[in-house]
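Participant: Okay, handing you the structure first.
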Amino acid sequence: MTDLLHTIPDFPTKLYTHLLPSLEKHLITTTDLLTLDALEVAKRAHLPLLDVRRLASHVVAILQCRLGLKTDNAPSYQNAGEGQAGYGSLRKTGKEATTRLSLISTLDPSIDEALGGGIPTSCITEITGESGAGKTQLLLTLLLSAQLPPPDGLSRPTLYISTEHPLPTVRLAQILKNHPVLSSHPSPPSLNRILTLNTPDLESQDHILTYQLPVALARHSVGLVILDSIAANYRAERSSANTPFALATRSAQLVRLGALLRSLSREHNCAVVVANQVADRFAPVSTTSRASASISVGNVFSSSPASTATTSAPAPSVLSLDHQQRFFTGWGAEPSTPSHNLKTPTLGLVWANQITCRIALVKERDYGSAGTGEGEVAVDDIGGAEWNSRRWRRWMRVVFAPWVKGTGERERGVEFEIWSGGARVVNKAAAQSQKAM
Amino acid sequence: MASSDSNNFSSSSPHRLPTVSASQALQNISSTPRRPIPTGLKSLDAFLQGREHEDSSQTVPPVGIPRGEVTEIYGPPGVGKTTLALRDILSVGRISEGEATSDPASVDRYLEKFHHFITPSLPHLLALLAHQSSTFPPTETNLVVVDSISTLFALAFPKTAENASSQQNPIRKSDAGQWASGRRWAVMGDLISKISRLAATKNIAILLTSQTTTRIRSETGAVLHPAISGTGWDTGISTRMVIFRDWVFQASETASSQGEYIPGVRLAGVMKAKGISYEGVGKVVMFVIEKTRLREITVDQTKIRLNGSPVLPATSLKRKRGEIANSQSGDEDPESDREFGWAADDDIRTTEALLE
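Protein chains in written order, with my numbering: chain A, 1 to 437; chain B, 1001 to 1356.
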């Protein structure tokens, strides 16, 4: 029954102190309580039937109240229907469900446009890319812009959880000073309103996220939580243990982490943005020899002799992870992509299943304009010597997102550069031509 | 309260199918509008009803996602499961493409018929779907969408971790531990039977979306697999489709060249329709997601060439490749050949739409 308080945090356990230890000992979960007959639970845990039945119906009553199914609270369970502050009703009308999307701007119109307006609250957004691709730069801008009043931001403080390096405050101040929107704003964002946390290892990360983060969110009414980066602690831990046990544990941890972040973002209506690292992907040895048409289409399934001739390849191979992950990792979606330079965001499919939106930042060494056809790189307006982006070109693309169309695999995405004021789109003309596509 | 404690799973259920005579049933088919819910893709609608292809004649009954049954969609992240589900919700409201933007009043009227439930955990979902409630489903509900159901199972049963920890924690070895580890399958079976009963008694189309996990097959390597599966679950699902991506080319005149690549194509494979399973990924429909609609790509094999997935290296390389992937990227988990990464979704939510 350890999960009872996770499911219903304010459950009046005092009424059932005589039941819970035994249920605990017999590993009976809340789910079991709701699916099994009370008789079976009672037999298993050696408890009186009527008490178990009362507990089960109490749990159901509270859950159904939370879900907005019962309007009249049963008098016998006084606190059943009173949602705590922060636990909004789990039921929404269609109108509420469609109007709640508020966005945090990246302060660049073209990047915002590709994102469908910005980073939305109430869900997990992942920004992934190689080191130096501009993840942190984009995140820093968000830390500031979220403090702006709508439509640019949320007028709320922000929280930065770092696992790798502390918050680069000097850089933050520089962005604040140099970005035209931020510096000229009547109510400029302040570094005072950026909270930071440092989680050096997985254990403290777990503890901080589970117990301290919810408190901090509620107390400061934080509008944006940034976790930079999600993978660092997991990768550090994993180097030692690569056994099935370790992998299984990690998978369960990721599922739990995803659920935790999701519920926090929903309860506090804040945006959760995580940075993720990438690793090289090992492409299959021969990508040239493919099974041609291993599946056939629809109504020609049996009629076309050509299709029956090619069914020798195992049919589900089109669903192989190696092939499908080209489309959700952000690298390799186009058939002509060279197979050598592919990246895969870390933490795998388990984590990809947890996130709402994935944004990939791609950087490539600039070999002149060869092969790009997008004209020259604008290098003349680079802010400072330390932000010299002359040798690298960067693109941002939306891999998947429920509220905006992903960047097509034909397009490279929005090209941006790092300057003293954060991240901005490089070339207006290039941005225009991509819009036309 | 007394009423709600008598409806645990195994107890005698208040849902009972009313008796209908065969002649009455026949009449019902022709008279009452048991209209399936169109997905916006005509061929897909036909396949979902077990038809071979779209039939343009007017006499055939309408097609789409069947009422009174459970339909499952699964696929990798970002492939369009939620989009397809939302599209179905729209077609329940009979809002045709473009109409939604033109008349704000009709949008409001439509939204009144739409209810959104958030179920952060499996007990929440059970309380919603499996326990009788006078207010759920609201009267005249036509479609219930659960997006995504696998998330909740992943959270409620961190299966592999628990099994693996049995070596360390002595209590797991006990009778109670063994019982608890088998609960996942039992709950799965119970839930699906409750859901399908809900669909049947209220004549609701229930649409579940599910994430994917990987399974290792010796000949093909890691293959995506629905995150929830099992004999009990599969029998409760009468229609199942997979959505996936592939490279689709507009075939050119010369056989040697690749032809023009069509970006963004999704393939929906109906693997099971009306209780009948098909081989492989089943009957496939190709479509692209556009701003306001799903557009089907007409299937004409002389014009379109599919590019099957890359052939994986020989079996001998398998293990090696898996180890590399593990040590480097934390990619997938080849060691566990059961569902290891069975996991979750962007957003756990239960949506439920109802109509006129």
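Built from N, CA and C at the ideal position, the CB exists for glycine as well.
1. Can you tell me which of B:A1268, B:I1297 and B:K1202 puts its alpha carbon nearest to the alpha carbon of Q1250 of chain B?
2. In the DSSP assignment, find the beta strand (DSSP E) that holds I161 of chain A and state where it starts and stops.
3. Using 8 Å as the limit for Cβ to Cβ distance, is L20 of chain A near chain B?
4. Mapping DSSP to helix, strand and coil, what is C357 of chain A?
5. Under 8 Å: do the stretch 1062 to 1073 of chain B and the stretch 1196 to 1204 of chain B share three or more Cβ pairs, one atom per stretch?
6. What are the boundary residues of the beta strand (DSSP E) that Q1250 of chain B is part of?
7. Select from A:S155, A:T31, A:G116 and A:S102 the residue whose C-alpha is nearest the C-alpha of I359 of chain A.
8. Once DSSP output is grouped into helix, strand and coil, what is the label at P282 of chain A?
9. Is A1164 of chain B close to chain A, meaning its C-beta is less than 8 Å from at least one C-beta of that chain?
10. On the three-state DSSP scale, how would you describe W392 of chain A?
11. Excluding the 5 residues preceding and the 5 following Q205 of chain A in the sequence, name in chain order all residues of the same chain whose CB lies nearer than 7 Å to its CB.
12. Indicate whether I104 of chain A and S145 of chain A have their beta-carbon atoms separated by less than 8 Å.
13. Apart from the five residues on each side of it in sequence, which residues of its chain come closer than 6 Å, Cβ to Cβ, to T2 of chain A?
14. Within the same chain, show all residues whose beta-carbon is closer than 6 Å to that of R235 of chain A, passing over the 5 residues directly before and after it, in chain order.
15. Return the CA-CA distance between A401 of chain A and W392 of chain A, expressed in angstroms with no decimal places.
16. Is the CB of Q1049 of chain B under 8 Å away from at least one CB in chain A?
17. At the level of alpha carbons, what is the spacing between L107 of chain A and F327 of chain A?
18. Mind checking who T1212 of chain B pairs with in its DSSP beta bridge?
19. For the 8 Å Cβ check, are there 3 or more pairs between the stretch 190 to 197 of chain A and the stretch 150 to 170 of chain A?
20. Look at the alpha carbon of R394 of chain A and the alpha carbon of V425 of chain A, and state the distance between them as a whole number of angstroms.
21. Quick check: the Cα distance between S221 of chain A and R156 of chain A, rounded to an integer number of angstroms?
22. Would you identify the three-state DSSP class for E1236 of chain B, choosing helix, strand or coil?
23. Going by beta-carbon coordinates alone, are G223 of chain A and L142 of chain A separated by less than 8 Å?
24. In its own chain, which residues sit with a C-beta less than 7 Å from the C-beta of R1035 of chain B, not counting the 5 before and 5 after it?
25. Please check if any C-beta of chain A sits within less than 8 Å of the C-beta of V1121 of chain B.
26. Less than 8 Å between CB atoms is the rule here; does D1076 of chain B satisfy it with respect to chain A?
27. With 7 Å as the limit, tell me which residues of the stretch 1138 to 1158 of chain B have their beta carbon closer than that to any beta carbon of chain A; keep them in chain order.
28. Using the C-alpha atoms, what's the distance from T1019 of chain B back to A1025 of chain B?
29. For K1113 of chain B, return the contacting residues in chain A, with the cut-off set at a CB-CB distance below 9 Å.
30. Of all the CB atoms in chain A, is at least one closer than 8 Å to the CB of R1197 of chain B?
31. Hey, G332 of chain A and L342 of chain A: beta-carbon distance below 8 Å or not?
32. How many Å lie between G348 of chain A and A1022 of chain B at the Cα?
33. Given a cut-off of 8 Å, decide if R1240 of chain B and M1271 of chain B are closer than it, judged by their beta-carbon atoms.
34. Check whether the Cβ atoms of A252 of chain A and P1158 of chain B sit closer than 8 Å, and answer yes or no.
35. Based on Cα-Cα distance, which residue from A:S190, A:T344, A:L321 and A:H323 lies nearest to T329 of chain A?
36. Please check the pair R1245 of chain B and R1266 of chain B, which I expect to be a contact at CB under 8 Å, by giving their CB distance rounded to whole angstroms.
Facilitator: According to the structure shown:
1. Against the second sequence, residue 1250 of chain B aligns to sequence position 250. The alpha carbon of Q1250 of chain B has as its nearest neighbour, out of B:A1268, B:I1297 and B:K1202, the alpha carbon of B:I1297.
2. Looking up residue 161 of chain A in the first sequence gives position 161. It spans T158 to S162 - the beta strand (DSSP E) in which I161 of chain A sits, taken as one unbroken run.
3. The residue given as residue 20 of chain A occupies position 20 in the first sequence. Closer than 8 Å: no.
4. Indexing the first sequence from 1 puts residue 357 of chain A at position 357. It is a strand residue.
5. Output reads yes: the stretch 1196 to 1204 of chain B touches the stretch 1062 to 1073 of chain B.
6. On the second sequence, residue 1250 of chain B is found 250 positions in, with the first residue counted as 1. From DSSP, the beta strand (DSSP E) with Q1250 of chain B extends over W1247 to Q1250.
7. By one-based count along the first sequence, residue 359 of chain A stands at place 359. Of the candidates A:S155, A:T31, A:G116 and A:S102, the one whose C-alpha sits nearest the C-alpha of I359 of chain A is A:G116.
8. Along the first sequence, read from residue 1 onward, the residue named residue 282 of chain A stands at position 282. Looking at the sequence itself, residue 282 of chain A is Phe, so the reference to Pro does not match. The answer is coil: DSSP assigns F282 of chain A none of H, G, I, E or B.
9. Here residue 1164 of chain B refers to the residue found at position 164 of the second sequence. Summary for A1164 of chain B: the model assigns pLDDT 47, below 50, so the residue's position carries little reliability, and this model does not support an answer.
10. As a working mapping, residue 392 of chain A is identified with position 392 in the first sequence. Strand, per DSSP.
11. Reading the first sequence from its first residue, position 205 is the one you call residue 205 of chain A. Excluding sequence neighbours, Q205 of chain A sits near T163, T199 and N233.
12. Numbered from its first residue, the first sequence carries residue 104 of chain A at position 104. Numbered from its first residue, the first sequence carries residue 145 of chain A at position 145. Result yes, Cβ atoms of I104 of chain A and S145 of chain A sit closer than 8 Å.
13. Taking the first residue of the first sequence as position 1, residue 2 of chain A is located at position 2. Short of 6 Å from the beta carbon of T2 of chain A, and not among the five residues preceding or following it, lies no beta carbon of its own chain.
14. For the purposes of this step, residue 235 of chain A is identified with residue 235 of the first sequence, where counting begins at 1. Scanning its chain for C-beta atoms nearer than 6 Å, with the 5 sequence neighbours on each side dropped, one finds no residue around R235 of chain A.
15. As a first step, residue 401 of chain A is located in the first sequence; it is residue number 401 there, counting from the start. As a first step, residue 392 of chain A is located in the first sequence; it is residue number 392 there, counting from the start. Their Cα atoms are separated by approximately 27 Å.
16. On the second sequence, position 49 is the one that residue 1049 of chain B refers to. So no, Q1049 of chain B is outside the interface.
17. Along the first sequence, read from residue 1 onward, the residue named residue 107 of chain A stands at position 107. Along the first sequence, read from residue 1 onward, the residue named residue 327 of chain A stands at position 327. So the alpha carbons of these two residues sit roughly 28 Å apart.
18. As a first step, residue 1212 of chain B is located in the second sequence; it is residue number 212 there, counting from the start. According to DSSP, T1212 of chain B bridges with B:P1226.
19. The way I'd put it, the stretch 190 to 197 of chain A does touch the stretch 150 to 170 of chain A; three or more beta-carbon pairs between them come closer than 8 Å.
20. Along the first sequence, read from residue 1 onward, the residue named residue 394 of chain A stands at position 394. Along the first sequence, read from residue 1 onward, the residue named residue 425 of chain A stands at position 425. Going by the C-alpha atoms only, they are around 10 Å apart.
21. Translated into the one-based positions of the first sequence, residue 221 of chain A becomes position 221. Translated into the one-based positions of the first sequence, residue 156 of chain A becomes position 156. One C-alpha to the other measures close to 7 Å.
22. Residue 1236 of chain B sits at position 236 when you count from the first residue of the second sequence. Per the sequence shown, the amino acid found at residue 1236 of chain B is Gly instead of Glu. If DSSP states are grouped into helix, strand and coil, G1236 of chain B belongs with the helices.
23. For the purposes of this step, residue 223 of chain A is taken as residue 223 along the first sequence, with counting starting at 1. For the purposes of this step, residue 142 of chain A is taken as residue 142 along the first sequence, with counting starting at 1. G223 of chain A places its beta carbon 8 Å or farther from that of L142 of chain A.
24. Working through the second sequence from its first residue, we reach residue 1035 of chain B at position 35. Same-chain partners within the cutoff: P1062.
25. Your numbering for residue 1121 of chain B matches position 121 in the second sequence. Strictly speaking, residue 1121 of chain B in this sequence is Ser, with Val absent from that position. Yes, contact with chain A.
26. Start at 1 with the first residue of the second sequence, and residue 1076 of chain B comes out as number 76. Correcting the residue type first, residue 1076 of chain B is Pro in the shown sequence and not Asp. So, interface residue.
27. Within the stretch 1138 to 1158 of chain B, the residues whose Cβ lies closer than 7 Å to some Cβ of chain A are A1154, L1155, A1156 and P1158, listed in chain order.
28. Position 25 of the second sequence, counted from the start, is the residue given in the question as residue 1025 of chain B. Position 19 of the second sequence, counted from the start, is the residue given in the question as residue 1019 of chain B. Approximately 10 Å, taken between the alpha carbons.
29. Sequence index remark: in the second sequence, residue 1113 of chain B carries index 113 (1-based). Ordered by position in chain A, the residues that pass the 9 Å Cβ test against K1113 of chain B are G94.
30. Here residue 1197 of chain B is taken as the residue at index 197 of the second sequence, counted from 1. No, its Cβ sits nowhere closer than 8 Å to a Cβ of chain A.
31. Here residue 332 of chain A refers to the residue found at position 332 of the first sequence. Here residue 342 of chain A refers to the residue found at position 342 of the first sequence. Yes, these two residues count as a Cβ contact at 8 Å.
32. Your numbering for residue 348 of chain A matches position 348 in the first sequence. Your numbering for residue 1022 of chain B matches position 22 in the second sequence. Approximately 52 Å, taken between the alpha carbons.
33. Here residue 1271 of chain B is taken as the residue at index 271 of the second sequence, counted from 1. Here residue 1240 of chain B is taken as the residue at index 240 of the second sequence, counted from 1. Result yes, Cβ atoms of M1271 of chain B and R1240 of chain B sit closer than 8 Å.
34. In the first sequence, residue 252 of chain A corresponds to position 252, counting from 1. In the second sequence, residue 1158 of chain B corresponds to position 158, counting from 1. Cβ atoms of A252 of chain A and P1158 of chain B: closer than 8 Å.
35. The residue given as residue 329 of chain A occupies position 329 in the first sequence. If we check each option's Cα against that of T329 of chain A, A:T344 comes out closest.
36. For this step, residue 1245 of chain B is matched to residue 245 along the second sequence. For this step, residue 1266 of chain B is matched to residue 266 along the second sequence. In this structure R1245 of chain B is in contact with R1266 of chain B, their Cβ atoms being roughly 6 Å apart against a cut-off of 8 Å.
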